[in-house]
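Residue numbers (my numbering), protein chains in the order written: chain A, 465 to 773; chain B, 33 to 381.
Right, here's the structure in full:
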């Protein structure tokens with residue numbers, strides 16, 4: 465299976481997502497209201513050597529992708545790690561229209577066709593399983609449209625969906641998702657989760673592999689269920705050829721200082737790190753602390769690499 | 033009742049129903065075995081993919097399934113009737129907020145379940161938020177002295193355009209509107225901190241996009257020998273990306289500003305025993321979060337179901353952290369709000 469990038473540049477900073485402070489999140493939203501300021505940060509990240517981007521398919525991502533396509537020559541050999549869907553879009557739609565109504569309005573919004581799904585839902589018919597699979601694929605394709613013509617390496621499913629299906633114990637959805645991503649996008653399927661040990665255990669028991677798992681991995685166990693120790697155990701025994709692991713939330717929303725945070729992550733069997741930052745200093749600092757690919761091992765204890773470089 | 037594994041049935045597979053289904057299904061020794069929903073599309077999906085037995089109505093499920101507990105996640109207008117049937121079957125019950133639409137029905141159910149020794153809980157998950165529960169402890173311990181004032185606010189961009197067609201959320205009769213669906217969270221949080229207010233006043237209910245229900249709620253709560261304070265709830269404010277709760281409690285020795293993610297504490301004098309300096313102190317969610325066995329949508333969602341299961345397994349029948357009696361108290365306050373608002377409107381006309 466193809467190797468994934470050791471370092472991926474994330475997007476939370478652009479969209480007012482800050483799990484610790486709503487005030488800070490609002491300040492960030494203000495700063496990144498225009499595309500130029502977002503691209504100024506991207507340019508800084510690329511100058512620092514990053515060649516991979518994770519982007520959630522939210523309202524503003526389409527415009528970001530448009531600009532990347534329009535200036536393709538300025539951004540050669542950029543690897544894309546989209547995550548789908550944008551959960552809040554669905555959250556409000558589901559409140560308003562119910563689950564099927566929400567799916568319906570998203571999938572059929574642009575086509576103008578009278579939706580077969582809507583009629584089914586209202587008419588009280590049972591859905592055939594091929595309809596469900598078809599519907600799920602259409603949802604994925606709707607979300608993926610904005611990433612067309614970009615070099616997509618991994619398509620991640622957002623944790624709210626991954627973990628919902630994980631709890632429901634619904635293996636067939638995972639099978640279909642992985643197949644569709646491989647076949648249609650020539651990319652690796654990816655699953656974002658806040659429950660890595662359980663997800664990996666279930667994937668193994670379902671016989672699903674070749675999946676990138678992206679999970680919060682930080683020293684204090686923030687967004688890591690059931691806890692740090694279970695993550696240590698799961699990662700130590702993980703085969704990265706079957707389940708490459710990408711760490712997110714490594715700083716636990718700023719609760720752990722970068723040197724400590726990456727000393728912890730570098731010491732684990734983790735193949736990749738996604739992080740977001742909005743200043744040159746933070747980007748360069750973070751890169752200094754992340755150990756290069758292949759040097760980390762679950763047994764090794766690493767000194768901060770920043771000290772050496 | 034089965035001895036080890038708890039068999040759980042879910043009534044209503046909407047957004048909250050499937051969330052609770054997913055979470056409780058991962059807790060050790062708990063399995064969701066049956067689900068009911070009026071939509072046959074939904075039931076056939078859950079049957080096929082989640083491996084549960086599915087029913088079109090709760091009566092059939094309660095009749096046929098050997099269950100220990102149910103999660104009731106239906107529009108609140110149905111809950112009184114459903115919970116009476118659940119009680120008749122001797123099952124423990126967790127019910128989504130706002131529980132029921134009249135305090136009389138709520139008190140009746142609270143009595144019925146308590147008398148039968150059945151565990152009963154309402155899904156006001158702010159009581160399980162680590163920041164709010166820490167704030168409650170600190171206030172209770174007297175950190176900010178005698179409490180004089182509070183503000184409980186909630187914002188979201190839930191209803192930000194005219195509603196396309198009528199669903200159950202469009203009328204008060206079915207439990208729709210910002211009072212039942214959102215303000216009850218702010219009300220319950222105040223109830224959790226200070227108990228039920230003795231009086232409400234100055235209530236104002238304002239529609240923004242909804243036709244027959246309010247989208248903005250504000251009111252003042254009074255306590256005979258205690259503080260007073262306000263609630264302000266607006267679910268048509270799309271400047272908030274996510275639903276946001278804010279709580280401010282002002283005392284004669286300082287104040288606490290809290291939201292779901294952290295709090296700032298201002299103290300006139302240092303409190304070395306608790307590690308707080310004079311002036312401003314920050315407490316982040318990362319300082320106080322509790323670990324849960326499974327995460328979906330928020331720690332508090334799992335924490336409340338974990339608590340429900342623990343209460344079922346416990347030998348004694350202590351009330352849950354958010355019992356039916358608590359749910360009835362929150363609904364009693366909504367009755368006060370509607371009454372107060374109607375009186376003002378009458379006077380003005």
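All C-beta atoms, glycine included, are put in the ideal place defined by N, C-alpha and C. No experiment lies behind these values; they were computed from the predicted model shown.
- Contact between the region 112-119 of chain B and the region 45-58 of chain B is absent: fewer than three C-beta pairs spanning the two stretches fall below 8 angstroms.
- The beta-carbon of residue 129 of chain B is placed no less than 8 angstroms from the nearest beta-carbon of chain A.
- Between residue 179 of chain B and residue 371 of chain B, the alpha-carbon positions lie close to 27 angstroms from each other.
- About 7 angstroms separates the Cβ atoms of residue 306 of chain B and residue 175 of chain B, confirming a contact at the 8 angstroms cut-off.
- In the displayed model, residue 131 of chain B falls within coil according to three-state DSSP, outside both helix and strand.
- The beta carbon of residue 726 of chain A sits no closer than 8 angstroms to any beta carbon of chain B.
- Beta-carbon to beta-carbon, residue 67 of chain B and residue 42 of chain B are separated by about 5 angstroms, close enough to satisfy the 8 angstroms threshold.
- For residue 355 of chain B, the number of other beta carbons within 10 angstroms of its own is at least 16, and it is reported as buried.
- The beta carbon of residue 339 of chain B sits closer than 8 angstroms to the beta carbons of 153, 160, 352 and 353 from its chain, once the five residues preceding and following it are set aside; these are given in chain order.
- Taken through DSSP and simplified to helix, strand or coil, residue 105 of chain B comes out as coil.
- Under the three-state reduction of DSSP, residue 663 of chain A is assigned to helix.
- Between the beta-carbon of residue 362 of chain B and that of residue 204 of chain B there is about 16 angstroms, and that puts the pair past the 8 angstroms contact cut.
- At a cut-off of 8 angstroms between C-beta atoms, residue 689 of chain A counts as an interface residue with respect to chain B.
- With fewer than 16 other Cβ atoms from the protein chains shown falling within 10 Å of its own Cβ, residue 497 of chain A counts as exposed.
- The C-beta of residue 708 of chain A has 16 or more other C-beta atoms within 10 Å across all chains shown, which makes the residue buried.
- Rounded to whole angstroms, the gap between the alpha carbons of residue 349 of chain B and residue 227 of chain B is 22 angstroms.
- The region 608-620 of chain A makes contact with the region 644-661 of chain A; the number of CB pairs closer than 8 angstroms reaches 3 or more.
- Residue 46 of chain B is classed as buried because its beta carbon has at least 16 other beta carbons within 10 Å across all chains shown.
- By the Cβ criterion, the region 728-737 of chain A is in contact with the region 677-692 of chain A, since at least three pairs of Cβ atoms, one from each stretch, lie closer than 8 angstroms.
- Interface with chain B (8 angstroms Cβ-Cβ cutoff): residue 709 of chain A is excluded.
- Residues of the region 367-380 of chain B that bring their beta carbon within less than 7 angstroms of a beta carbon in chain A are absent altogether.
- A Cβ-Cβ distance of about 7 angstroms is found for the pair residue 337 of chain B and residue 126 of chain B, placing them in contact under the 8 angstroms criterion.
- Judged by DSSP in its simplified three-state form, residue 737 of chain A adopts strand.
- Residues 551 of the same chain have their beta carbon placed closer than 8 angstroms to that of residue 624 of chain A, with the five preceding and five following residues left out of the count.
- DSSP, read as helix, strand or coil, puts residue 683 of chain A in coil.
- Cβ-Cβ distances below 7 angstroms link residue 169 of chain B to nothing in the same chain once the five nearest sequence neighbours on each side are left out.
- Taking a C-beta cut-off of 7 angstroms against chain B, none of the residues of the region 509-532 of chain A qualify.
- Contact between the region 207-222 of chain B and the region 308-318 of chain B is absent: fewer than 3 CB-CB pairs across the two stretches fall below 8 angstroms.
- Counting only unbroken stretches of 3 or more residues, the beta strand (DSSP E) elements lying wholly within the region 217-268 of chain B are 231-238, 248-254 and 260-266, in sequence order.
- For residue 736 of chain A, none of the residues of chain B pass the 8 angstroms Cβ criterion, the least Cβ distance being about 21 angstroms.
- Only buried fits residue 492 of chain A, as 16 or more other CB atoms lie within 10 angstroms of its CB.
- The beta carbon of residue 268 of chain B sits no closer than 8 angstroms to any beta carbon of chain A.
- Annotation: the continuous alpha helix (DSSP H) that includes residue 623 of chain A extends over 623-632.
- Residue ranges of uninterrupted alpha helix (DSSP H) with 4 or more members, entirely inside the region 680-732 of chain A and ordered along the chain, are 692-700 and 722-730.
- Within the region 494-561 of chain A, the runs of alpha helix (DSSP H) that reach at least 4 residues and sit entirely inside it are, in chain order, 499-511 and 525-534.
- In this structure, the beta-carbon distance from residue 235 of chain B to residue 260 of chain B does not fall below 8 angstroms.
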